[in-house]
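Trainee: Structure provided below as structure tokens; questions to follow.
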């Protein structure tokens, strides 16, 4: 992946979503050929010269300061995740990629959550470990080839994903935005480059969303699921970083006590118990 090209496109797409009147500027010049702020207008807002900003957007300023990047971020009204992404693109860090391994104690923790679907995500949304509820609710990771144990591949390349996720377009956007964030953290990750290439080849929706250069962290939220055994229900998901390994997080799906979702998870647990008893 080219961090210079990504920096150019990230800044260009952020400019395109803003209008002069949104930031109190009069229109610069005559008729506009492209949407959003012009480079001249953004440079004015950020307090830098037009030439300097043009060189920054073209990736030709290797020693740009954090102060200038923060000024550009404020001018573009970037949120904290976007601001950090901008810094990473401007000052890419090359870090060694370590093998992904899950500690036995983490698997023990997953297995102890016998009524809570839970799984471990590693780099690039790869599913490294899971418990039995997750197999029944999310996907049967145990029978999938290792390459397909990936939440992004499942979202875009597995036909059942559009049935499972009631709000699939939102899930798709969040998934791509999370991968974009990852690309800024690890610009030299060959596995991520291969994943993006495969998804781009297999999904028109992925190509379109990837070109938007949106970035977003997926720390917590809700998901509406449509399960073939228990119907539609909404779960709350939490993403919990694992101490000692910054590349791994535990994702849990829970529901408020007494809710329809809690009842659905309870029925799925009963179905799992019956299946295990008859196995």
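Numbering (my numbering), first residue to last: 70 to 348. Note that CB positions come from ideal geometry on N, CA and C, so glycine has one too.
#1: Under three-state DSSP, which class holds residue 160?
#2: In terms of residues, what are the limits of the beta strand (DSSP E) holding residue 295?
#3: Is it true that the CB of residue 77 sits closer than 9 Å to the CB of residue 127?
#4: Using three-state DSSP, classify residue 228 as helix, strand or coil.
#5: Where does residue 310 sit, in a helix, a strand or coil, going by DSSP?
#6: What do you reckon, are the CB atoms on residue 155 and residue 138 nearer than 9 Å?
#7: With burial defined as no fewer than 16 other Cβ atoms inside 10 Å of the residue's Cβ, what is the status of residue 339: buried or exposed?
#8: Tell me which residues share the same chain as residue 171 and place their Cβ nearer than 6 Å to its Cβ, disregarding the 5 neighbours each side in the sequence.
#9: Kindly indicate which residue of 225, 314 and 187 has the alpha-carbon position closest to the one of residue 266.
#10: In terms of residues, what are the limits of the beta strand (DSSP E) holding residue 275?
#11: Classify residue 117 as helix, strand or coil using the three-state DSSP reduction.
#12: If you reduce the DSSP assignment to three classes, tell me which class residue 432 lands in.
#13: Express the C-alpha separation of residue 75 and residue 158 in angstroms, rounding to a whole number.
#14: Under a Cβ-count criterion, where at least 16 other Cβ atoms within 10 Å of its own Cβ denotes burial, should residue 243 be classed as buried or exposed?
#15: Determine the contact status of residue 268 and residue 222, defining contact as a CB-CB distance below 9 Å.
#16: Please report the distance separating the alpha-carbon of residue 342 from that of residue 81.
#17: Once the 5 residues before and after residue 191 are set aside, which same chain residues still bring their CB inside 7 Å of it?
#18: Tell me the DSSP secondary structure of residue 200 in three-state form.
#19: Would you grab the beta carbon distance between residue 306 and residue 292 for me? Rounded to a whole angstrom, and I think it's under 8 Å.
#20: Evaluate contact between the region 308–327 and the region 174–182, counting only Cβ atoms and requiring at least three cross-stretch pairs below 8 Å.
#21: Excluding the 5 residues flanking residue 150 on each side, which residues of the same chain have their C-beta closer than 8 Å to its C-beta?
#22: Among 254, 232, 84 and 220, which residue has its Cα nearest to the Cα of residue 143?
#23: For residue 161, I'd like the list of residues in its chain whose CB is within less than 6 Å of its CB, leaving aside the five on either flank, ordered along the chain.
#24: Let me confirm a value: residue 215 is counted as buried when at least 16 other C-beta atoms fall within 10 Å, else exposed. Which label applies?
Mentor: For this structure:
#1: Here residue 160 refers to the residue found at position 91 when the chain shown is read from its first residue. Coil, per DSSP.
#2: As a position in the chain shown, residue 295 is number 226, starting the count at 1. It spans 289–296 - the beta strand (DSSP E) in which residue 295 sits, taken as one unbroken run.
#3: As a first step, residue 127 is located in the chain shown; it is residue number 58 there, counting from the start. As a first step, residue 77 is located in the chain shown; it is residue number 8 there, counting from the start. Yes, Cβ-Cβ distance for residue 127 and residue 77 is below 9 Å.
#4: Mapped onto the chain shown, residue 228 falls at position 159. In the structure shown, residue 228 sits in coil (DSSP, three-state: anything other than H, G, I, E or B).
#5: If you number the chain shown from 1, residue 310 lands on position 241. It is a strand residue.
#6: To locate residue 155, count along the chain shown from 1; it is residue 86. To locate residue 138, count along the chain shown from 1; it is residue 69. Yes, the pair counts as a contact, with Cβ atoms nearer than the cut-off.
#7: Position 270 of the chain shown, counted from the start, is the residue given in the question as residue 339. It is exposed - the Cβ of residue 339 has fewer than 16 other Cβ atoms within 10 Å.
#8: Counted from its first residue, the chain shown places residue 171 at position 102. Here the set comprises 189, 197 and 198.
#9: As a working mapping, residue 266 is identified with position 197 in the chain shown. The shortest Cα separation from residue 266 among 225, 314 and 187 belongs to 225.
#10: By one-based count along the chain shown, residue 275 stands at place 206. From DSSP, residue 275 is part of no beta strand (DSSP E) but of the alpha helix (DSSP H) over 273–279.
#11: As a first step, residue 117 must be located in the chain shown, where it is residue number 48. Looking at residue 117 - three-state DSSP - the assignment turns out to be coil, as it is neither helix nor strand.
#12: Lying outside 70 to 348, the shown extent of the chain, residue 432 is not represented and no answer is given.
#13: As a first step, residue 158 is located in the chain shown; it is residue number 89 there, counting from the start. As a first step, residue 75 is located in the chain shown; it is residue number 6 there, counting from the start. So the alpha carbons of these two residues sit roughly 7 Å apart.
#14: As a position in the chain shown, residue 243 is number 174, starting the count at 1. Buried is the call here.
#15: Along the chain shown, one-based indexing puts residue 268 at 199. Along the chain shown, one-based indexing puts residue 222 at 153. In this structure, residue 222 lies closer than 9 Å to residue 268 by Cβ.
#16: Counted from its first residue, the chain shown places residue 342 at position 273. Counted from its first residue, the chain shown places residue 81 at position 12. Looking at the two C-alpha atoms, the distance is approximately 53 Å.
#17: Working through the chain shown from its first residue, we reach residue 191 at position 122. Here the set comprises 169, 197, 316 and 317.
#18: As a first step, residue 200 is located in the chain shown; it is residue number 131 there, counting from the start. Here residue 200 sits in coil by DSSP.
#19: Looking up residue 306 in the chain shown gives position 237. Looking up residue 292 in the chain shown gives position 223. Contact flag correct, Cβ pair sits at about 6 Å.
#20: yes
#21: For this step, residue 150 is matched to residue 81 along the chain shown. 250, 284, 285 and 286, listed in sequence order.
#22: By 1-based counting over the chain shown, the position of residue 143 is 74. Here the closest residue by C-alpha is 84.
#23: Along the chain shown, read from residue 1 onward, the residue named residue 161 stands at position 92. Cβ neighbours of residue 161 beyond the five flanking positions: 72 and 256.
#24: Here residue 215 refers to the residue found at position 146 of the chain shown. The residue is exposed, with fewer than 16 neighbouring Cβ atoms inside 10 Å.
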